[in-house]
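Q:
Protein chains: 2
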Amino acid sequence: MEEFHSDKRLISRQTVLRLPRYLRFLKALSDEGERTVSATVIANSLSLTPIQVRKDLASVSRISGKPRVGFAIGELMADIENYLGYNSMDQVVLVGVGNLGKALLSYKGFHKYGMHIAAAFDANSEVIGRTFGGNKVHPMGKFYEVCNKANIRIGIIAVPETAAQAVCDLMVRSGILAIMNMAPVHVNVPPGILVENENIATTLALLARDLSQKIDDKEKK
Amino acid sequence: MEEFHSDKRLISRQTVLRLPRYLRFLKALSDEGERTVSATVIANSLSLTPIQVRKDLASVSRISGKPRVGFAIGELMADIENYLGYNSMDQVVLVGVGNLGKALLSYKGFHKYGMHIAAAFDANSEVIGRTFGGNKVHPMGKFYEVCNKANIRIGIIAVPETAAQAVCDLMVRSGILAIMNMAPVHVNVPPGILVENENIATTLALLARDLSQKIDDKEKK
DNA sequence: TAGATTGTTAATCGATTAACAATC
DNA sequence: TAGATTGTTAATCGATTAACAATC
């Protein structure tokens, strides 16, 4: 008997992190008029290995590549978009319209990956009512109502660290289930609420470690 | 014979990513007047396991905790700061002073982690000469000179995707060895140059996957 | 003392890489 | 056909978790 897989297989964290990169690359190829691409070409372009690429693609797509030819770009893109889009629940709310919040509102990448900022909120009357990247900024008082009415599940915290926990609590009370925290503090959430921290200082620390390691290696030689 | 470790042991990627979180938490405790803390307390506060915390701490610090008491907060902070600071080569340049670049320039977190934005650059005459977060924006023409004179090794790309590769190439020509790319494109670099991509859409995709997985699980029950 | 907590060694888990037969 | 490329199974690598003796 053929084994049956639901559409909703669990895809590894690392693979998910690479999916947007594949999608971007495939789109670029497609724009250049290409119809097919091999795992080798993708791998070389994105600094990955061909095996890794084939595994990743197999995890989101049922289409099989043809030896000596590769994969059909269009179908691949559709499958990745479907996965990212399917998962995305599409609607996201943003709290905090400072420089970072504004950058996020104007960021065109979200749409590409099936994400859509449904509403933005801030406590500051200077930005309330103004529009950034097509999004009007609402007062905090509207937060609960908007989230509830639109049944929104994903929230982005882009406020200063002192306000982060309060915003986080409000999100939880308003039915948000997954939070992306851009503030450089740990936020506490009840069990079952998902949090991802996006912290630039963290990534820089990583880069600095790799760099100092590299320099050490060179000195040893 | 006692085994000798250099100060420059390689610390795992995952551990490095957690170091800034420890540092932040320890600082908060220290501000409250605490002198010691156990791995258990840290773990609970940051949603980690105590074993993981002890391993991480041991990898950057030689100080040992006392059973029933825990670790001396001050010494721990000093060791983490030393590691992050030592590695950081402290000086960073930023190219691109749009909303995102401005957010980075005003971001107070860098200093905390031993990072310092030495100079900011942009091609747009509207921002050149202006100051954000204490950093004056220089014209692109000065980039090579500044990097060379100050011997800067780390660069942050915060320009639109269309300009990212050109900026990346300029960085490489100017002696930058490690690049943090905030633009949603893959940038190509010669072998030996380090790149970390920081892409918000990517993190959101991850969050969305976890969320849809969680919802699926609930439906199954 | 008793027991919470440390630090280390071993087991597990997850992701990457290697090997290789199948195939267009 | 010959050989590039696929897809899968097995081996390796790295990180997390479990187990437990040492100790304050």
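Protein sequence lines correspond, in order, to chains D and R. To convert a position in the first sequence, counted from 1, into our numbering, add 1. To convert a position in the second sequence, counted from 1, into our numbering, add 1. Glycine included, C-beta positions come from ideal geometry on N, C-alpha and C. Bear in mind that the values here come from a model prediction, so they are computed numbers and not experimental data.
Could you pull the start and end residues of the alpha helix (DSSP H) that lysine 56(D) belongs to?
A: On the first sequence, position 55 is the one that residue 56(D) refers to. Here the alpha helix (DSSP H) through lysine 56(D) covers 51 to 61.
Q: Any idea what DSSP makes of leucine 11(R), helix, strand or coil?
A: Residue 11(R) sits at position 10 when you count from the first residue of the second sequence. Reduced to three states, the DSSP call for leucine 11(R) is coil.
Q: With a threshold of 8 Å on Cβ separation, who are the neighbours of serine 31(R) within its own chain once the five nearest residues in sequence on each side are excluded?
A: Position 30 of the second sequence holds residue 31(R). Only Ile74, Gly75, Met78 meet the Cβ criterion.
Q: With the cut-off set at 8 Å, would you say serine 46(D) and phenylalanine 26(D) are in Cβ contact?
A: As a working note, residue 46(D) is residue 45 in the first sequence. As a working note, residue 26(D) is residue 25 in the first sequence. Cβ atoms of serine 46(D) and phenylalanine 26(D): closer than 8 Å.
Q: So, does the CB of leucine 95(D) fall closer than 8 Å to a CB anywhere in chain R?
A: As a first step, residue 95(D) is located in the first sequence; it is residue number 94 there, counting from the start. Chain R, which has no Cβ nearer than 8 Å to the Cβ of leucine 95(D), makes this no.
Q: Give me the Cα-Cα distance between arginine 36(R) and lysine 67(R), rounded to the nearest whole angstrom.
A: Here residue 36(R) corresponds to residue number 35 of the second sequence, with the count starting at 1. Here residue 67(R) corresponds to residue number 66 of the second sequence, with the count starting at 1. Using only the alpha carbons, I get a separation of about 13 Å.
Q: In the DSSP output, which residue or residues are listed as bridge partners for glutamine 166(R)?
A: Walking along the second sequence from the start, residue 166(R) turns up at place 165. Partner(s): none; glutamine 166(R) has no beta bridge.
Q: Go through the region 56 to 119 of chain R residue by residue and report every complete run of the beta strand (DSSP E) that reaches 3 residues or more, in order.
A: 92 to 96
Q: Tell me whether glycine 142(R) sits in a helix, a strand or coil according to DSSP, three-state version.
A: Within the second sequence, residue 142(R) is the residue found at index 141, counting from 1. Correct three-state label for glycine 142(R): helix.
Q: Look up asparagine 182(D) in the DSSP assignment and say whether it is helix, strand or coil.
A: Locating residue 182(D) in the first sequence gives position 181, counting from the first residue. The answer is strand: DSSP assigns asparagine 182(D) an E or B state.
Q: Would you mind telling me which residues of chain R sit closer than 7 Å to threonine 37(D), beta carbon to beta carbon, in chain order?
A: On the first sequence, residue 37(D) is found 36 positions in, with the first residue counted as 1. Correct list: empty, because the minimum Cβ distance to chain R is about 20 Å.
Q: According to the neighbour-count rule (16 or more other Cβ atoms, all chains shown, within 10 Å of its Cβ), is isoleucine 52(R) buried or exposed?
A: The sequence position of residue 52(R) within the second sequence is 51, counting from 1. Exposed.
Q: For alanine 124(R) and histidine 187(R), what's the separation of their Cα atoms in angstroms?
A: The residue labelled residue 124(R) in the question sits at position 123 within the second sequence. The residue labelled residue 187(R) in the question sits at position 186 within the second sequence. Computed Cα separation, rounded: 21 Å.
Q: Counting contacts by CB-CB distance shorter than 8 Å, is phenylalanine 201(R) in contact with chain D?
A: Taking the second sequence and counting its residues from 1, the one referred to as residue 201(R) is at position 200. Sequence check: residue 201(R) is isoleucine here, not phenylalanine. Yes, because at least one Cβ of chain D sits closer than 8 Å to the Cβ of isoleucine 201(R).
Q: Rounded to the nearest angstrom, what separates lysine 9(D) and serine 48(D) at their Cα positions?
A: Numbered from 1 along the first sequence, position 8 holds the residue referred to as residue 9(D). Numbered from 1 along the first sequence, position 47 holds the residue referred to as residue 48(D). Annotation note: pLDDT 46 at lysine 9(D) (below 50); position unreliable, coordinate value reported separately. Lysine 9(D) and serine 48(D): Cα-Cα distance of roughly 28 Å.
Q: Tell me, to the nearest whole angstrom, how far the beta carbon of tyrosine 108(D) is from that of leucine 20(D); I am working on the premise that it is less than 8 Å.
A: The count along the first sequence starts at 1 and reaches residue 108(D) at position 107. The count along the first sequence starts at 1 and reaches residue 20(D) at position 19. Actually they are not in contact, since the Cβ atoms of tyrosine 108(D) and leucine 20(D) sit about 18 Å apart, beyond 8 Å.
Q: Measuring alpha carbon to alpha carbon, tell me which of Glu146(R), Ser126(R), Val173(R) ends up nearest glycine 156(R).
A: Reading the second sequence from its first residue, position 155 is the one you call residue 156(R). Per the Cα distances, Val173(R).
Q: Distance, Cα to Cα, alanine 44(D) vs alanine 164(D)?
A: Position 43 of the first sequence, counted from the start, is the residue given in the question as residue 44(D). Position 163 of the first sequence, counted from the start, is the residue given in the question as residue 164(D). Between alanine 44(D) and alanine 164(D), the C-alpha separation is close to 42 Å.
Q: For a quick check, are the C-beta atoms of valine 96(R) and phenylalanine 133(R) less than 8 Å apart?
A: Against the second sequence, residue 96(R) aligns to sequence position 95. Against the second sequence, residue 133(R) aligns to sequence position 132. No, these two residues do not count as a Cβ contact at 8 Å.
Q: Using a Cβ-Cβ cutoff of less than 8 Å, which residues in the same chain neighbour valine 93(D) once the five nearest sequence positions on both sides are dropped?
A: Along the first sequence, one-based indexing puts residue 93(D) at 92. Within its own chain, the residues whose Cβ lies closer than 8 Å to the Cβ of valine 93(D), once the five positions on either side in sequence are excluded, are Phe111, Met116, His117, Ile118, Ala119, Ile153, Ile155, Gly156, Ile157, listed in chain order.
Q: Label aspartate 57(R) either buried or exposed according to how many other C-beta atoms from any shown protein chain fall within 10 Å of its C-beta, with 16 as the threshold for buried.
A: In the second sequence, counting from the first residue as 1, residue 57(R) sits at position 56. Aspartate 57(R) should be labelled buried.
Q: Between valine 98(D) and isoleucine 201(R), what straight-line distance do the alpha-carbon atoms span, to the nearest angstrom?
A: For the purposes of this step, residue 98(D) is taken as the residue at position 97 of the first sequence. For the purposes of this step, residue 201(R) is taken as the residue at position 200 of the second sequence. Roughly 16 Å separates the two Cα atoms.
Q: Count the other C-beta atoms from every protein chain shown that fall within 10 angstroms of the C-beta of arginine 210(D), then say buried if there are 16 or more, exposed otherwise.
A: Along the first sequence, read from residue 1 onward, the residue named residue 210(D) stands at position 209. Buried is the label assigned to arginine 210(D), since at least 16 other Cβ atoms lie within 10 Å of its Cβ.
Q: Within this structure, are the beta carbons of tyrosine 114(R) and alanine 159(D) separated by less than 8 Å?
A: Taking the first residue of the second sequence as position 1, residue 114(R) is located at position 113. Taking the first residue of the first sequence as position 1, residue 159(D) is located at position 158. Result no, Cβ atoms of tyrosine 114(R) and alanine 159(D) do not sit closer than 8 Å.
Q: Do you know whose CA, among Ser65(D), Thr204(D), Asn136(D), Leu212(D), lies nearest valine 38(D)'s CA?
A: Mapped onto the first sequence, residue 38(D) falls at position 37. That would be Ser65(D), whose Cα lies nearest to the Cα of valine 38(D).
Q: Give the straight-line distance between the Cα atoms of isoleucine 204(R) and glutamate 197(D), rounded to the nearest whole angstrom.
A: The residue labelled residue 204(R) in the question sits at position 203 within the second sequence. The residue labelled residue 197(D) in the question sits at position 196 within the first sequence. Note that residue 204(R) is threonine in the sequence shown here, rather than isoleucine. Going from the Cα of threonine 204(R) to the Cα of glutamate 197(D) covers about 7 Å.
Q: Quick one: list the residues of chain D neighbouring methionine 78(R), beta-carbon separation under 9 Å, in chain order.
A: Locating residue 78(R) in the second sequence gives position 77, counting from the first residue. Result: empty, since nearest Cβ-Cβ is about 15 Å, beyond 9 Å.
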